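Undergrad: Pasting a structure here, questions to come.
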Amino acid sequence: MATHRTTQTHTSLIHLRRRFQRLSFILPALIFVVVMMAFPVAYNGWLSFHEWTGSARRAPEYVGIDNYTELFTQSDRFFPAVKRTFLFTGVVVTAELVFGIGIALLLRDAFPGHTVVKTLILLPMVATPVAISMAWLLMLEPTIGVFNKILRDIGLTPQPWLGSQSQALWVLMAVDIWQWTPMMAMITLAGLLSLPEDPYEAALVDGASSLQSFFHITLPLLVPTLLTAVLLRSIEALKTFDIIYTMTRGGPGFSTETLNTLAYVRAFEYFRLGQAAALLVVFFAIVLGVSVIFIQMRRSVSMRQAL
Amino acid sequence: MTDLSQATTPRPHRPLSRQAAMSKRRAQMRRISAESVRAVLLLVIIVIFLFPVIWMALAAFQTQIEIISPGWGFTPTLRNFDRVFSEYNFLRYMGNSFLVAAVSTALSLLLGLPGAYAIARFHYDWLGVVLLAARIVPGITFLVPWYILFSRAGLNGTYIALILSHMIVSMPFIVWVMVPFFEGLPIEVEESARIDGATMLGTFVRIALPLSVPAIMTATIMSFIFSWNNFMFSLVLSGDDTRTLPVAIFNFITYASIDWGGLMAAAVLITLPVLVITVFMQRYVVSGLTAGAIKG
Chain U
6 MATHRTTQTH TSLIHLRRRF QRLSFILPAL IFVVVMMAFP VAYNGWLSFH
56 EWTGSARRAP EYVGIDNYTE LFTQSDRFFP AVKRTFLFTG VVVTAELVFG
106 IGIALLLRDA FPGHTVVKTL ILLPMVATPV AISMAWLLML EPTIGVFNKI
156 LRDIGLTPQP WLGSQSQALW VLMAVDIWQW TPMMAMITLA GLLSLPEDPY
206 EAALVDGASS LQSFFHITLP LLVPTLLTAV LLRSIEALKT FDIIYTMTRG
256 GPGFSTETLN TLAYVRAFEY FRLGQAAALL VVFFAIVLGV SVIFIQMRRS
306 VSMRQAL
Chain A
81 MTDLSQATTP RPHRPLSRQA AMSKRRAQMR RISAESVRAV LLLVIIVIFL
131 FPVIWMALAA FQTQIEIISP GWGFTPTLRN FDRVFSEYNF LRYMGNSFLV
181 AAVSTALSLL LGLPGAYAIA RFHYDWLGVV LLAARIVPGI TFLVPWYILF
231 SRAGLNGTYI ALILSHMIVS MPFIVWVMVP FFEGLPIEVE ESARIDGATM
281 LGTFVRIALP LSVPAIMTAT IMSFIFSWNN FMFSLVLSGD DTRTLPVAIF
331 NFITYASIDW GGLMAAAVLI TLPVLVITVF MQRYVVSGLT AGAIKG
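These protein sequence lines map, in sequence, to chains U and A. For the first sequence, the positions run 6 to 312 when the numbering used here is used. For the second sequence, the positions run 81 to 376 when the numbering used here is used.
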């Protein structure tokens, strides 16, 4: 009886020790996640119901849902920023996808210098975005920039580029497309190289043209990979900050202001922390919503393909 | 004899082989033209992707007058680089960037590697989901509370604030790269080590980690690059003494007249380490950038 009890406590002790050992693997990471990530998100939610300028002498004042109603009914910068954020994301991700697939197809078969080309096209996305923005600022400068220099040399009208309310957002999109098309190309290329060979052999036997086999075999097989790539890129594109803030600061006027730069300006230039927090809650909800839609799409596609 | 040999040559085959040769030549021609179209397209693509970087590098070797003048020619000078170090204190900012990137990467590995191993082996799936969600949350959502809390703790402008904030990006990324890799390792080796009496920690350190060197390389390189390139967190949380390179270069353009040569020299200096890493570690950078997209 006694021996039985001791073995029982012994095994449960071993069990407990093992549990503890396993937990100790995740504990440091878990503490970091709770303190550095979960807590700020919760604090941000709490702050969104308060008005505060960050002053140590005046405590945050509870204002209910005022910050949210202000956002949706009074602010004349919120909805334009939402529209611009979606326009920016939609245009750049679509362009990056199309160009990325094209480049991936060019890089599919090995040729002399294959690795060199693959390395060179990585540069736009690993180069420091702020440094790249500075290079684009110089190139786009209306009087000394290389683009207008070329336009003048071939007898065309120089453009204001970032100085124009109607052009600035599109110029920023072009920079983003330049920067991130290589990522789409890399992901698509990795997807292409993992495709099975059999469908192509069958298509070749059936006498399908290369265009036909691209649209009827390659593209459908690539859809799950492409959807994941579009998901990852869309999340990042919705949050684009570096190139916009460093090149235009949301201007001229507010013509390039997106949700991220608007939130930044409200928090760190106007110090309206409560309003910024409310905006961030909405911003987070938007990014989450877009992610969930893509994740669902990807799931239904892979389920259909599994059948 | 000669007649006979001529008679035995397979005549009926001749027109066919000529036809085959012609179609072969046609296919060859088509392949050559396809090859040259591809070569031209690739050249155009490379020029487009490299042009801003090359332009930046060229401007870094020009004087302000040469940059502003409408002409194209210039005599290379190193004065911009000299000025960047002597006037703009760039060595200090480089040191800051390097310190923050190295320490935040090291700490993220210390937390992320065991975390990822536990998610893969002991099935703490919920932690994996939480860390995935962290990639979706806009960074600025963390930044506003952290700015307030760091101010209160008197930590704004310190290395501690910068390192912790950079870890918000790199720690989840490391887990994101490592979990699928650990899941793919054969479990048998680890099990036999456990039977031989190795502890859980011993198995992880002596067996799982050495097998994961390529993935750890990817995680480390990308984490370093992310921190080196980080702008928004550093813009808010760095001080005069702890300023990192991206913030320092951004401050260039707040002057009334921009020193373009100095600005481009600074841009070259920031970009150079990342470019060198990419050229020599191309394989790891590619797998880092495409992580999660293929297996996902």
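All C-beta atoms in this analysis are idealised placements derived from N, C-alpha and C, irrespective of residue type, glycine included. Everything numeric in this text was worked out from a predicted model, so none of it was measured.
If you drop the 5 nearest sequence neighbours on each side, which residues of the same chain put their C-beta closer than 8 Å to that of residue 359/A?
TA: none
Undergrad: Between residue 240/A and chain U, is the shortest Cβ-Cβ distance under 8 Å, so that the two count as touching?
TA: Interface annotation, residue 240/A: not in contact with chain U, CB-CB separation never under 8 Å.
Undergrad: Identify the residues that DSSP records as bridge partners of residue 237/A: which are they?
TA: 318/A
Undergrad: Looking at C-alpha atoms only, which residue of 135/U, 168/U and 279/U is the closest neighbour of residue 251/U?
TA: Nearest C-alpha to residue 251/U: 135/U.
Undergrad: Going by the CB atoms, is the gap between residue 80/U and residue 286/U shorter than 8 Å?
TA: no
Undergrad: Residue 168/A touches chain U at which residues, Cβ-Cβ below 9 Å?
TA: Near residue 168/A there are no residues of chain U at all, since even the closest Cβ is about 14 Å away, more than 9 Å.
Undergrad: Under 8 Å Cβ to Cβ from residue 329/A, same chain only, skipping five residues before and after it: list those, please.
TA: 343, 346, 347 and 350
Undergrad: DSSP three-state call for residue 168/A: helix, strand or coil?
TA: It is coil, neither helix nor strand.
Undergrad: According to DSSP, simplified to helix, strand and coil, what is residue 250/U?
TA: helix
Undergrad: Give the C-beta separation of residue 257/A and residue 295/A to the nearest angstrom, bearing in mind that I take them to be a contact with Cβ-Cβ under 8 Å.
TA: At roughly 6 Å, the Cβ-Cβ gap stays under 8 Å, so residue 257/A and residue 295/A are in contact.
Undergrad: In chain A, which residues lie with their C-beta within 8 Å of the C-beta of residue 109/U?
TA: What residue 109/U touches in chain A: nothing, since even the nearest Cβ is about 11 Å away.
Undergrad: Touch check for the region 157-170 of chain A and the region 214-226 of chain A: three-plus C-beta pairs under 8 Å?
TA: No, the region 157-170 of chain A does not touch the region 214-226 of chain A.
Undergrad: Is the region 184-196 of chain U in contact with the region 126-140 of chain U, if contact means three or more CB pairs nearer than 8 Å?
TA: yes
Undergrad: Please say whether residue 174/A and residue 247/U have beta carbons closer to each other than 8 Å?
TA: no
Undergrad: Within 8 Å (strictly less), CB to CB, does residue 155/A reach chain U?
TA: Not a single C-beta of chain U is nearer than 8 Å to the C-beta of residue 155/A.
Undergrad: So, helix, strand or coil for residue 203/A, using DSSP?
TA: coil
Undergrad: Rounded to the nearest angstrom, what separates residue 155/A and residue 161/A at their Cα positions?
TA: 15 Å
Undergrad: By alpha-carbon positions, which one of 120/A, 129/A, 300/A and 209/A ends up nearest to residue 137/U?
TA: For residue 137/U, the closest C-alpha among the options 120/A, 129/A, 300/A and 209/A is that of 129/A.
Undergrad: At the 8 Å Cβ level, is residue 59/U part of the contact set with chain A, yes or no?
TA: Taking 8 Å as the threshold, the shortest C-beta distance from residue 59/U to chain A falls below it.
Undergrad: Less than 6 Å between C-beta atoms, sequence neighbours within five positions excluded: which residues of the same chain meet that for residue 280/U?
TA: 72 and 271
Undergrad: Taking the Cβ atom as the reference point for each residue, do residue 253/A and residue 197/A lie within a distance shorter than 8 Å?
TA: no
Undergrad: By a C-beta neighbour count over all protein chains shown, 10 Å radius and 16 as the cutoff for buried, is residue 390/A buried or exposed?
TA: Outside the shown range of chain A (81 to 376) lies residue 390/A, about which nothing can therefore be said.
Undergrad: Residues of the region 17-41 of chain U in Cβ contact with chain A at a cutoff of 7 Å, in chain order, please.
TA: The region 17-41 of chain U vs chain A, Cβ under 7 Å: 26, 27, 30, 31, 33, 34, 35, 37, 38 and 41.
Undergrad: If we count the other Cβ atoms within 10 Å of its Cβ and call it buried at 16 or more, is residue 275/A buried or exposed?
TA: The residue in question, residue 275/A, is exposed, as its Cβ has fewer than 16 Cβ neighbours within 10 Å.
Undergrad: Check the C-beta distance from residue 293/U over to residue 216/A and give it rounded, since I have them as a contact under 8 Å.
TA: 6 Å
Undergrad: Any beta-carbon of chain A closer than 8 Å to the one on residue 49/U?
TA: The Cβ of residue 49/U sits closer than 8 Å to at least one Cβ of chain A.
Undergrad: Flag this pair as yes or no: are the beta carbons of residue 220/A and residue 268/U separated by less than 8 Å?
TA: yes
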